[in-house]
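Read through the structure below, which is laid out as structure tokens, and then see the notes.
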Amino acid sequence: MRRLYVNLLNETSVDLMGGDELAALLAEPLPARAHTLEHTGELNGSKRRQWLCKVCSPYAGTGVRSFETSYFCVTCSAAKKGRVTLCNKTRRLQHGSTLTCNEVWHQQKSGISSG
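Per our numbering, residue 22 is the first one in the sequence shown, and the count goes up by one each step.
Below is the structure:
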């Protein structure tokens, strides 16, 4: 441990001005995610049409309205042959959840456990 400390003290500014290895990583764009949310193009009068969120609906108690959303996952909708509408906002904060309904849906479908 003492040797590491002595080596650190012997470092100069020239030693710390090495090449930028991160520049090569940032040159390549990240691949697009397979599951992305899109707005519906349908209008209900002058507003976008909304549907019940697939994640919020089961969490809503009896006599309580679920949240509605105008976002849907294109990939899941094509696979299920029907619109999979999901919120893009964090819900259930009072229960300690910091995930959006979109993240909850895709973690459950891929078998990833969040806790």
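Ideal Cβ placement from N, Cα and C applies to all residues, glycine included.
Asked: Let's see if you can read the secondary structure: which residues bound the alpha helix (DSSP H) around Leu-30?; Found: 23 to 31
Asked: Rounded to a whole number of angstroms, what is the C-alpha to C-alpha distance between Thr-119 and Asn-65?; Found: 31 angstroms
Asked: Drop a sphere of 10 angstroms on the beta-carbon of Tyr-26, count the other beta-carbons inside from all chains shown, and report buried for 16 or more, exposed for fewer.; Found: exposed
Asked: Whose C-beta lies closer than 8 angstroms to the C-beta of Thr-111 among residues of the same chain, with five residues either side of it excluded?; Found: Ser-118, Thr-119, Leu-120 and Thr-121
Asked: Within the present structure, is the beta-carbon of Thr-111 separated from the nearest heavy atom of the ligand FMN by less than 6 angstroms?; Found: For the ligand FMN, the structure offers nothing, since it holds no ligand at all.
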